[in-house]
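Asker: In the working numbering, the protein residues as written are 53 to 349. We put the CB at the ideal spot given by N, CA and C, even for glycine. A quick note: this is a predicted structure, and the numbers were derived from the prediction, not measured. Let me give you the structure first, and then I'll get to my questions.
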Amino acid sequence: MDASDLNQALKETESLEAWVASVRQFFESYELFYGHGTENPLDEAHWLVEAVNRYNPERPNISIASKRDAVFNIAVKRVGERRPLAYLLNEAWFAGLSFYVDERVLIPRSPLAELIERQFAPWTCLEPGHRVLEIGTGSGCIAVAIAHHCPGVLVDATDISNQALDVAAINAKGWEEQVKIIESDLFSAINGQYQIIVSNPPYVAHDRLVELPMEYQHEPSLALEGGTDGLNIVNRLLPLAAEYLTPDGLLFLEVGETQQVFDSSHIRLPATWLEFDRGGEGVAVLTREELTGYLAD
Numbered sequence: 053m054d055a056s057d058l059n060q061a062l063k064e065t066e067s068l069e070a071w072v073a074s075v076r077q078f079f080e081s082y083e084l085f086y087g088h089g090t091e092n093p094l095d096e097a098h099w100l101v102e103a104v105n106r107y108n109p110e111r112p113n114i115s116i117a118s119k120r121d122a123v124f125n126i127a128v129k130r131v132g133e134r135r136p137l138a139y140l141l142n143e144a145w146f147a148g149l150s151f152y153v154d155e156r157v158l159i160p161r162s163p164l165a166e167l168i169e170r171q172f173a174p175w176t177c178l179e180p181g182h183r184v185l186e187i188g189t190g191s192g193c194i195a196v197a198i199a200h201h202c203p204g205v206l207v208d209a210t211d212i213s214n215q216a217l218d219v220a221a222i223n224a225k226g227w228e229e230q231v232k233i234i235e236s237d238l239f240s241a242i243n244g245q246y247q248i249i250v251s252n253p254p255y256v257a258h259d260r261l262v263e264l265p266m267e268y269q270h271e272p273s274l275a276l277e278g279g280t281d282g283l284n285i286v287n288r289l290l291p292l293a294a295e296y297l298t299p300d301g302l303l304f305l306e307v308g309e310t311q312q313v314f315d316s317s318h319i320r321l322p323a324t325w326l327e328f329d330r331g332g333e334g335v336a337v338l339t340r341e342e343l344t345g346y347l348a349d
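Listed below in structure tokens is the structure:
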């Protein structure tokens with residue numbers, strides 16, 4: 053199916069179910085990569101049609117023809133530019149919440165969402181007033197999700213990128229009592245100690261990055277590339293983290309597909325790798341004691 057076929061198919065019906073089927077067929081006609089919010093062309097088509105037809109109080113009387121045109125135009129851009137749908141819609145979902153995203157930030161897709169929804173159980177029990185530090189907040193989705201799922205918990209969300217922090221501020225609107233946005237290179241602007249430090253830093257090795265599908269090329273390289281072995285930021289973070297953890301504090305660190313490289317590089321570090329019901333890998337939990345002992349060896 054090409055663009056003209058899609059246009060004709062959309063014009064023949066006002067059925068949203070039929071629109072989804074047509075967009076799915078259109079997507080299936082091209083070699084698109086899925087993984088920035090959906091896993092297959094059906095889910096991608098459903099998301100597009102649902103998002104366009106969702107009620108918008110700022111445009112309550114938008115016509116079906118305008119919605120049809122929007123579905124067509126976005127679908128064609130998705131195929132022609134290989135841009136992730138999240139950027140075309142300026143929308144991403146994480147831990148059951150909707151977030152604004154654009155090409156200044158990575159599209160949320162971390163398995164940490166499942167851990168946050170469980171309030172970090174069984175690893176710890178967060179209470180109102182407890183402090184959480186996020187290193188490399190990007191869109192702010194992790195910080196806001198923690199504030200939402202852990203009432204009363206105070207989250208400091210940091211990033212080195214001013215552009216990313218601008219997006220995080222958009223998503224943190226309404227959460228100012230719990231979420232503080234901070235410009236910081238790792239711990240450079242941080243004081244005090246935290247019950248939890250959580251980080252999903254750049255961890256893609258340079259050679260691996262250039263091999264990724266085109267969709268990844270639209271994401272900021274600063275949020276993806278982790279140097280020669282993918283561990284540049286991780287290796288800077290590990291020696292510093294213990295100082296900023298409470299005695300019973302925990303570090304949750306996502307390194308994704310570089311888990312084996314991490315284990316080989318830090319063979320004496322007793323990292324516990326988490327398992328997730330909804331899939332995902334490469335998330336380690338470390339206690340302050342484990343981090344301190346590793347540094348002392």
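Who does LYS232 pair with in a DSSP beta bridge?
Answerer: Note: LYS232 sits in a beta bridge opposite ASP208.
Asker: For ILE248, which residues from the same chain have a beta carbon less than 6 Å from its beta carbon, with the 5 sequence-adjacent residues on both sides left out?
Answerer: Same-chain partners within the cutoff: VAL184, LEU302.
Asker: If the criterion is Cβ atoms closer than 8 Å, does the pair GLN215 and ARG156 meet it?
Answerer: It is a contact, given that the beta carbons lie within the stated cut-off.
Asker: State the CB to CB distance for the pair ILE234 and ASP218, rounded to an integer number of angstroms; the pair is presumed to be in contact (CB under 8 Å).
Answerer: 13 Å between Cβ atoms; not a contact.
Asker: Are three or more beta carbon pairs between the stretch 131-139 and the stretch 84-100 nearer than 8 Å?
Answerer: Because the criterion of three Cβ pairs below 8 Å is met, the stretch 131-139 and the stretch 84-100 touch.
Asker: Whole angstroms are fine: how far does the CA of ARG288 sit from the CA of ASN105?
Answerer: Their backbone Cα atoms lie some 45 Å apart in a straight line.
Asker: Go through the stretch 141-213 residue by residue and report every complete run of the alpha helix (DSSP H) that reaches 4 residues or more, in order.
Answerer: With a minimum length of 4 residues, the continuous alpha helix (DSSP H) runs that stay inside the stretch 141-213 are 164-169, 193-201.
Asker: Drop a sphere of 10 angstroms on the beta-carbon of GLN230, count the other beta-carbons inside from all chains shown, and report buried for 16 or more, exposed for fewer.
Answerer: Buried, since its Cβ has 16 or more Cβ neighbours within 10 Å.
Asker: Please go through the same chain and pick out, in chain order, the residues whose beta-carbon is closer than 6 Å to the beta-carbon of ILE116, but skip the five residues on each side of it.
Answerer: Same-chain partners within the cutoff: GLU66.
Asker: Where are the beta strand (DSSP E) runs, 3 residues long or more, that stay fully inside the stretch 245-303, in chain order?
Answerer: Here the runs fully enclosed are 246-251.
Asker: Pop quiz: THR189 and ASP211 are said to be a contact at Cβ under 8 Å. What is the actual Cβ separation, rounded to whole angstroms?
Answerer: Right, the Cβ-Cβ distance comes to about 5 Å (below 8 Å), so this counts as a contact.
Asker: Are the beta-carbon atoms of PHE314 and VAL337 separated by less than 8 Å?
Answerer: No, they are not a contact pair.
Asker: Spatial neighbours of LYS50 within its chain, please: C-beta separation below 6 Å, excluding the five flanking residues on both sides.
Answerer: The requested residue 50 is not part of the displayed model; the chain covers only 53 to 349.
Asker: Going by the DSSP bridge assignment, what does ALA336 pair with across the sheet?
Answerer: DSSP lists LEU305, TRP325 as partners of ALA336.
Asker: Whole-angstrom Cβ separation of GLU186 and ALA195, contact assumed at under 8 Å?
Answerer: With 8 Å as the limit, GLU186 and ALA195 qualify as a contact, their Cβ atoms being about 5 Å apart.
Asker: Can you name the start and end residues of the alpha helix (DSSP H) that ALA127 belongs to?
Answerer: 116-133 is the span of the alpha helix (DSSP H), which, as asked, contains ALA127.
Asker: How long is the line joining the alpha carbons of ALA220 and GLU263, rounded to whole angstroms?
Answerer: Roughly 29 Å separates the two Cα atoms.
Asker: Kindly list the residues whose CB is nearer than 6 Å to the CB of ARG340, restricted to its own chain and excluding five residues on each side of it in sequence; keep chain order.
Answerer: These residues qualify, in order along the chain: ALA294, LEU297, GLY301.
Asker: Are at least three pairs of beta-carbons, each pair with one atom in the stretch 232-246 and one in the stretch 169-177, less than 8 Å apart?
Answerer: Touching, no.
Asker: Shortest alpha-carbon distance to THR41 belongs to which of ASP95, ARG330, VAL307?
Answerer: No information on residue 41 is available, as it lies outside the stretch 53 to 349 that the chain covers here.
Asker: Helix, strand or coil for ILE222, going by three-state DSSP, please let me know.
Answerer: The answer is helix: DSSP assigns ILE222 an H, G or I state.
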